[in-house]
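Just below is one structure, and these are the notes that go with it.
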Amino acid sequence: MAAHAGFAERTFAGPTVDVDRVAWQVLVDGRPVDLTYLEFEVLDYLVRHPGRVHSREELLREVWRQDPGELGASAPRTVDVMITRLRRKLGLQHRDRIETVRRVGYRYRPAAGDPRRSHRPSTL
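Going by this note's numbering, the sequence shown opens with residue 896, and the numbers climb by one from there.
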């Protein structure tokens, strides 16, 4: 599959969530989900880095392309609101794929059938 602007065209996120950068579309259970530009970018970023915890500050830097220190104290709440919207749009069956790691950030948990699920989480 060809790359587009340094990204894979299609990010496999399990049997029921599919992120397609070329079509700029997310399908949940085969149905398109209407996402804003930033909602799409946040979901795509999380899906491309499954199992890894991403701090709010990292998401602001990598997705929003903003320096969290320059945005003020309310900036991390922006990420929380975005995650809440994404979970709602993923629906009840898939909202738990975006996990909250208290006092740290967020992690995308791939579906059991996702071939990228070969890594083992730390047991520390």
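Quick reminder that beta carbons are idealized off the backbone N, C-alpha and C, glycines included.
Beta-carbon separation of residue i and residue j under 8 Å?
i     : j     : result
P963  : P1005 : no
E965  : Y940  : no
M977  : V942  : no
R1002 : V914  : no
Can you tell me where the beta strand (DSSP E) with residue i in it begins and where it stops?
i     : result
E957  : That residue, E957, is in no beta strand (DSSP E); it is neither H nor E in DSSP.
T995  : I993 to V996
L930  : It is not in any beta strand (DSSP E) - L930 carries neither H nor E in the DSSP assignment.
H949  : V948 to S950
Q920  : Q920 to V923
G1000 : G1000 to Y1003
Give me the Cα-Cα distance between residue i and residue j, rounded to the nearest whole angstrom.
i     : j     : result
M896  : V923  : Residue placement at M896 is flagged as unreliable, the pLDDT there being 42, under the threshold of 50; the coordinate-derived value follows with that caveat. If I take the Cα positions, the gap works out to 22 Å.
F935  : G1000 : 18 Å
E1020 : L981  : What is shown of the chain runs 896 to 1019, which leaves residue 1020 out entirely.
T973  : R960  : 13 Å
T979  : R998  : 16 Å
V921  : Y932  : 11 Å
D975  : S969  : 10 Å
Within the same chain, show all residues whose beta-carbon is closer than 6 Å to that of residue i, passing over the 5 residues directly before and after it, in chain order.
i    : result
W919 : none
Report all residues from its chain with a CB closer than 8 Å to the CB of residue i; omit the five preceding and five following residues, and keep chain order.
i     : result
P971  : R951, E952, L955 and P963
S1013 : Its pLDDT being 36, under 50, S1013 is placed unreliably in this model, and the value from its coordinates should be taken loosely. Same-chain partners within the cutoff: there are none.
Near residue i, which residues of its chain fall below 7 Å by C-beta distance, leaving aside the five closest residues on each side in sequence?
i    : result
T911 : V923, D924, H989 and A1006
V996 : V948 and R1002
D991 : none
Looking at the unbroken alpha helix (DSSP H) that takes in residue i, where does it start and where does it end?
i    : result
V974 : A970 to L985
Problem - Stretch pair the segment 926–942 + the segment 971–988: three plus CB contacts closer than 8 Å - result: yes
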